[in-house]
Amino acid sequence: MSVHAQTHELFNPHSRSATPSTNSIGMKNNLFPPATKIEPMKALDSRFTERSKVTPGLAVTATPVGLSPLDRAKDGSALKEAKLKEDTSSDSEEKMAMKPFPIPKRKGELEGAEVVEKRKKGRPRKDTKMLMPMTQPFPQIPVPVEKEPTRAATAAATALPAVQLKLPTPAAQKSFTYQVSAEPSVYLEVENEVSLVAGTRLSQLRCFRDGREWDSLLPSRILVASGSLEVVAVACDDRTLSVFSACGRRLLPSILLPAPVSNLHCSGHFLMVLTAAATLSVWDVQKQMALVKNESLHTILSGADISVTQSLLTQQGVPVIGLSNGKSYCFSAALETWNLIADKQDSLVQCADFRNCVTSQEALSSTGPLALMQGRAISAGRLASRLSSTPHHLQQGMTLAFLENQLAAALTLASGPEYRHWVIVYTRFLVNEGYEQRLRELCKDLLGPVHKSTGSSWEPTILGQRKRDLLHEVLPVIGQNLRFQRLFTEYQDQLELLRNK
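In full-length UniProt numbering, the protein residues as written are 1 to 501.
(1) Could you give the first and the last residue of the continuous beta strand (DSSP E) run that contains residue 238?
(2) Does the Cβ-Cβ distance between residue 407 and residue 423 come in under 8 Å?
(3) Following the continuous beta strand (DSSP E) through residue 230, name the residue where it begins and the one where it ends.
(4) 8 Å is my cut-off, CB to CB: does residue 464 come that close to chain B?
(5) Label residue 314 either buried or exposed according to how many other C-beta atoms from any shown protein chain fall within 10 Å of its C-beta, with 16 as the threshold for buried.
(6) Could you give the uninterrupted runs of the beta strand (DSSP E) lying entirely in the stretch 391-425, keeping only those of 3 residues or more?
(7) Could you give the DSSP three-state label for residue 444: helix, strand or coil?
(8) Are residue 396 and residue 441 closer than 8 Å when you measure CB to CB?
(9) Taking 8 Å as the cut-off, decide whether the C-beta atoms of residue 277 and residue 253 are in contact.
(10) Which same chain residues, not among the five before or five after residue 272, have their C-beta less than 6 Å away from its C-beta?
(11) Quick check on the burial criterion: 16 or more other C-beta atoms within 10 angstroms. Buried or exposed for residue 485?
(12) Once the 5 residues before and after residue 492 are set aside, which same chain residues still bring their CB inside 7 Å of it?
(13) Rounded to whole angstroms, what's the CA-CA distance from residue 251 to residue 340? Just pull it up for me.
(14) Please state the DSSP three-state secondary structure of residue 471.
(15) State yes or no: is the C-beta of residue 464 within less than 8 Å of the C-beta of residue 418?
(16) Exposed or buried, residue 309, counting other C-beta atoms within 10 Å across all chains shown (16 or more means buried)?
(17) The ligand MG and residue 395: does the residue's C-beta get closer than 7 Å to at least one heavy atom of that ligand?
(18) Using only CA atoms, which one of 197, 224 and 347 lies nearest to residue 168?
(19) Tell me whether the beta-carbon of residue 216 lies closer than 8 Å to the beta-carbon of residue 240.
(20) When DSSP labels each residue in this structure, what does residue 356 get in the three-state scheme?
(21) For residue 399 and residue 304, what's the separation of their Cα atoms in angstroms?
(22) Reducing DSSP to helix, strand and coil, say where residue 322 ends up.
(23) Buried or exposed for residue 179, please, with buried defined as at least 16 other CB atoms from any protein chain shown within 10 angstroms of its CB.
(24) Once the 5 residues before and after residue 520 are set aside, which same chain residues still bring their CB inside 7 Å of it?
(25) Buried or exposed: which applies to residue 236, given that a residue is buried once 16 or more other Cβ atoms fall within 10 Å of its Cβ?
(26) Can you tell me whether residue 353 is buried or exposed? The criterion is at least 16 other CB atoms within 10 Å of its CB, across all chains shown.
(27) Of all the options 247, 333 and 299, which has the alpha carbon lying nearest to the alpha carbon of residue 289?
(28) For the stretch 283-302 against the stretch 323-331, are there 3 or more C-beta pairs whose distance is under 8 Å?
(29) How about residue 222 and residue 245: do their beta carbons lie closer than 8 Å?
(30) Using 8 Å for Cβ pairs, my map puts residue 324 next to residue 307. What's the rounded Cβ distance?
(31) Count the other CB atoms, across all protein chains shown, that sit within 10 Å of the CB of residue 192; report buried if there are 16 or more and exposed otherwise.
(32) Return the CA-CA distance between residue 205 and residue 248, expressed in angstroms with no decimal places.
(33) Identify, in the order they occur along the chain, each residue of the same chain with its Cβ nearer than 8 Å to the Cβ of residue 286, setting aside the five sequence neighbours on each side.
(34) What first and last residue would you give for the alpha helix (DSSP H) that runs through residue 500?
(35) Give the secondary structure of residue 328 by DSSP, where H, G and I count as helix, E and B as strand, and everything else as coil.
(36) Does the distance from the CB of residue 209 to the CB of residue 194 come in under 8 Å?
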């Protein structure tokens with residue numbers, strides 16, 4: 001029976017069918033229903049659950065009408081007790097599921113929760129899953145337990161690699177002699193372990209030059225010696241390098257090499273050292289400066305079977321390395337690159353035909369580092385007779401490419417006489433084959449600007465030779481062909497005009 005019905009029956013005398021005692025008992029039972037029928041108001045943790053919603057079939061309880069103030073107070077206290085009992089019984093399982101360690105709520109939070117509940121009765125409740133603690137979406141990175149092996153591995157990785165010996169080293173000898181020059185006669189004599197002083201075995205270096213002699217003592221065994229008319233150098237087994245003047249005066253403190261010495265060269269006032277670790281260094285002793293510093297040969301020693309068969313140092317301080325595969329390289333200090341200057345297996349070398357451009361006397365007188373590395377096998381057109389079936393334009397292009405390579409190689413080697421030789425040969429070939437554009441470009445570069453200009457980068461000399469002097473030698477070769485008479489007259493007049501100035 002609803003509350004309104006009970007109230008109506010209480011104040012309507014016609015609707016009473018029982019005795020007063022019976023009615024009073026029924027009224028008490030109806031006015032004070034059991035606590036299990038009352039849906040309590042949820043606390044803070046239960047206000048987001050589905051049970052706080054109105055369940056179908058369950059009557060909404062309201063405050064009874066017509067009760068005395070004492071009965072209303074009793075009714076309110078009963079509601080609160082029932083509410084607290086259900087909160088502690090029904091929500092405890094949810095709280096334990098949500099949090100591993102229950103945290104007691106403060107009174108202020110509970111009261112605030114009731115206020116929120118009363119203000120937002122019509123708002124749909126949220127699921128209890130929303131209150132679950134959110135897990136981190138990022139995977140946890142395990143911390144390495146052993147740190148010492150990691151540090152050791154890092155230290156080993158950052159350590160300098162061990163020196164790998166690739167080039168042979170000279171064996172220590174009791175004594176040996178080195179010929180520096182035949183004219184004038186200059187030679188070196190080395191004698192190791194000549195005496196024992198304070199537990200140290202001394203070695204002696206003696207230099208003979210036109211009947212004059214000087215000597216010097218060193219505390220280590222001398223492995224290799226070299227010299228020129230300006231400097232003398234020796235390398236010892238303790239990786240030290242000593243440099244002396246032509247009269248025996250020490251020019252530099254002992255230089256400690258990064259690896260045992262493999263070869264040693266002196267040319268003019270330049271000094272070159274090749275180490276067993278395949279590194280190359282070149283110094284200008286006169287200026288006391290390094291031109292090439294510990295340059296690795298690994299770039300040119302690419303194959304396992306390739307070895308160094310020849311090494312030399314030019315008068316201009318350019319190092320040259322010859323390999324067992326027939327290729328020769330020089331290192332350019334200006335470009336800081338290895339440059340291929342000779343290849344005995346190159347088809348351009350084998351098939352180039354410039355027999356009509358070189359006289360027999362010029363072929364015999366051609367000397368220098370380029371001719372030394374290429375050898376006498378580079379005779380003009382030595383295979384041209386075998387290539388009679390080769391098309392003319394193909395052989396023409398191969399000869400042109402070969403001659404231009406010779407010019408570039410002589411320029412890189414700073415070999416002035418060889419550069420002049422190949423300029424003359426190149427000009428003859430261009431005239432014979434009719435390359436007018438290349439002839440004009442060559443003459444323009446040798447002539448330079450007619451009028452003085454501050455912004456011009458033209459150099460009047462090349463490898464110690466005046467460019468206009470080279471042009472003076474080239475123009476008669478051009479004038480021999482009537483086809484290039486206009487070109488010859490144009491540059492001949494400009495050259496005469498500049499000479500008169």
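For every residue, glycine included, the Cβ atom is placed at its ideal position computed from N, Cα and C.
Concretely, from the data shown:
(1) Careful: residue 238 lies outside any beta strand (DSSP E) and carries neither H nor E.
(2) Cβ distance < 8 Å, so residue 407 and residue 423 count as in contact.
(3) Run containing residue 230: none; DSSP gives neither H nor E here.
(4) Going by chain labels, chain B is absent from the structure shown, which holds only one protein chain.
(5) By the 10 Å Cβ count, residue 314 comes out buried.
(6) Runs found: none.
(7) helix
(8) no
(9) Cβ distance not < 8 Å, so residue 277 and residue 253 don't count as in contact.
(10) Same-chain partners within the cutoff: 265, 282, 313 and 319.
(11) exposed
(12) 475
(13) 34 Å
(14) helix
(15) no
(16) By the beta-carbon neighbour count (other beta carbons within 10 angstroms, threshold 16), residue 309 is exposed.
(17) For the structure depicted, the ligand MG is absent and the ligand set is empty, with no information on it obtainable.
(18) 224
(19) Not a contact, by the Cβ cut-off of 8 Å.
(20) helix
(21) 33 Å
(22) strand
(23) exposed
(24) Residue 520 is absent from the structure shown; the chain starts at 1 and stops at 501.
(25) It is buried - the Cβ of residue 236 has at least 16 other Cβ atoms within 10 Å.
(26) buried
(27) 333
(28) yes
(29) No; because the gap between Cβ atoms is not below 8 Å, this pair is not in contact.
(30) 5 Å
(31) buried
(32) Distance from the CA of residue 205 to the CA of residue 248, rounded to the nearest whole angstrom, comes to 10 Å.
(33) 230 and 269
(34) 485-500
(35) strand
(36) Cβ distance not < 8 Å, so residue 209 and residue 194 don't count as in contact.
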